[in-house]
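S.K.: In the working numbering, the protein residues as written are 13 to 215. We put the CB at the ideal spot given by N, CA and C, even for glycine. This structure is a prediction, so every number in the text was calculated from the model and none was measured. Questions regarding the structure given below will be posed in turn.
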Amino acid sequence: MEMKKLDFAETLKESIEIGVKNAPSVVVAVALWLVTIWIPYINIGTTIAISLLPVELAKGNVVNPLSIFDSKYRRYMGEYLITAGLMVIPIYIAFIFLIIPGIVLSLSWALAFYFLIDKGKNPMQAIKASNDATYGNKWTMFFVMLVFIVIAGIVLGIISLVCSAINVGFITFVVMFIFIVLAASIRMAIDASFWKQMQNNVE
């Protein structure tokens with residue numbers, strides 16, 4: 013099977029399109045998650061749902077914020093936590109070795125939860141599938157994320173300067189809120205584009 017290489021330009025373009033289209037839905041979903049995070053049992057399902065939003069975004073549909081309460085997410089609680097546990101310790105150890113190995117491992121396993129839930133793999137299979145799917149694409153993933161961080165930082169700096177010059181608290185709040193919502197949505201959309209392009213890179 014031919015491995016699909018991640019396309020840098022396509023990823024950025026697609027991420028902006030998906031992120032802008034879904035920004036209102038994403039912010040409502042996150043707000044609902046924050047409001048209900050204190051409710052035992054329900055909170056684990058909504059947390060899993062939030063972490064899997066990129067899978068839904070990759071399908072091209074506008075996300076339904078209420079879908080985070082779907083009981084199907086709670087069904088995967090054990091597998092999700094086991095997968096998280098298997099990933100956290102090795103990534104933490106890898107970061108000890110001068111950061112870079114930790115970044116590489118984080119990128120290698122970035123799709124693990126998506127394979128776990130969307131493709132029905134067990135924890136070890138999901139981690140391996142993510143590693144296989146991202147093979148040869150980690151540099152592109154890294155540069156996409158780097159460009160996003162740099163652009164977001166520049167835009168934030170410009171917004172901060174303009175808001176400081178205007179010096180109107182309400183306007184500053186509204187503008188910053190819109191920026192944070194768009195940035196969070198586009199960040200999720202980047203993962204959605206990664207998943208859309210690489211999910212079939214596994215035999």
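#1: What whole-angstrom Cβ distance do residue 160 and residue 198 have, given they're in contact under 8 angstroms?
#2: Beta-carbon separation of residue 76 and residue 201 under 8 angstroms?
#3: Between which two residues does the alpha helix (DSSP H) containing residue 185 stretch?
#4: If we count the other Cβ atoms within 10 Å of its Cβ and call it buried at 16 or more, is residue 101 buried or exposed?
#5: How would you label residue 206, buried or exposed, when you count the other beta carbons within 10 angstroms and need 16 or more for buried?
#6: My guess is that residue 183 and residue 175 are in contact by the Cβ rule of under 8 angstroms, so how many angstroms apart are they, rounded?
#7: With C-beta atoms as the reference, is residue 64 less than 8 angstroms away from residue 125?
#8: Using three-state DSSP, classify residue 53 as helix, strand or coil.
#9: Please report the straight-line C-alpha distance between residue 142 and residue 32, rounded to a whole angstrom.
#10: Quick check on the burial criterion: 16 or more other C-beta atoms within 10 angstroms. Buried or exposed for residue 149?
#11: From residue 135 to residue 97, what distance separates their C-alpha atoms?
#12: Evaluate residue 120 with the Cβ neighbour count: other Cβ atoms within 10 Å of its Cβ, from every protein chain shown; 16 or more gives buried, anything less gives exposed.
#13: Taking Cβ positions, are residue 70 and residue 85 nearer each other than 8 angstroms?
#14: Taking residue 79 as the reference, give the member of 139, 20, 17 and 43 with the closest Cα.
#15: Given residue 283, which residues of its chain have a CB within under 6 angstroms of its CB, disregarding the five upstream and five downstream residues?
#16: Take residue 21 as the anchor and find which of 114, 146, 152 and 39 has the nearest alpha-carbon.
M.R.: Concretely, from the data shown:
#1: By 1-based counting over the sequence shown, the position of residue 160 is 148. By 1-based counting over the sequence shown, the position of residue 198 is 186. Indeed, because the Cβ distance is near 7 angstroms, the residues count as touching under 8 angstroms.
#2: What you label residue 76 is simply residue 64 of the sequence shown in a count that begins at 1. What you label residue 201 is simply residue 189 of the sequence shown in a count that begins at 1. No; because the gap between Cβ atoms is not below 8 angstroms, this pair is not in contact.
#3: Position 173 of the sequence shown, counting from 1, holds the residue named residue 185. Taken as a continuous stretch (DSSP letters only), the alpha helix (DSSP H) holding residue 185 covers 181 to 210.
#4: Here residue 101 corresponds to residue number 89 of the sequence shown, with the count starting at 1. Residue 101 is exposed by the Cβ-count criterion.
#5: In the sequence shown, the residue the question calls residue 206 occupies position 194. Buried, by the Cβ-count rule.
#6: To locate residue 183, count along the sequence shown from 1; it is residue 171. To locate residue 175, count along the sequence shown from 1; it is residue 163. Confirmed, about 7 angstroms.
#7: The count along the sequence shown starts at 1 and reaches residue 64 at position 52. The count along the sequence shown starts at 1 and reaches residue 125 at position 113. In this structure, residue 125 lies closer than 8 angstroms to residue 64 by Cβ.
#8: Taking the first residue of the sequence shown as position 1, residue 53 is located at position 41. Residue 53: coil per DSSP, three-state reduction.
#9: Counting from one through the sequence shown, the residue named residue 142 turns up at place 130. Counting from one through the sequence shown, the residue named residue 32 turns up at place 20. Distance between the alpha carbons of residue 142 and residue 32: 27 angstroms.
#10: As a first step, residue 149 must be located in the sequence shown, where it is residue number 137. Its Cβ being crowded by 16 or more others within 10 Å, residue 149 is buried.
#11: As a working note, residue 135 is residue 123 in the sequence shown. As a working note, residue 97 is residue 85 in the sequence shown. Looking at the two C-alpha atoms, the distance is approximately 10 angstroms.
#12: As a first step, residue 120 must be located in the sequence shown, where it is residue number 108. So residue 120 counts as buried.
#13: On the sequence shown, position 58 is the one that residue 70 refers to. On the sequence shown, position 73 is the one that residue 85 refers to. For residue 70 and residue 85, no; Cβs fall outside 8 angstroms.
#14: Counted from its first residue, the sequence shown places residue 79 at position 67. Looking at the Cα atoms, 43 is the closest of the given residues.
#15: A question about residue 283 goes unanswered here, because the residues of the chain that appear run from 13 up to 215.
#16: Start at 1 with the first residue of the sequence shown, and residue 21 comes out as number 9. The shortest C-alpha separation from residue 21 is found at 152.
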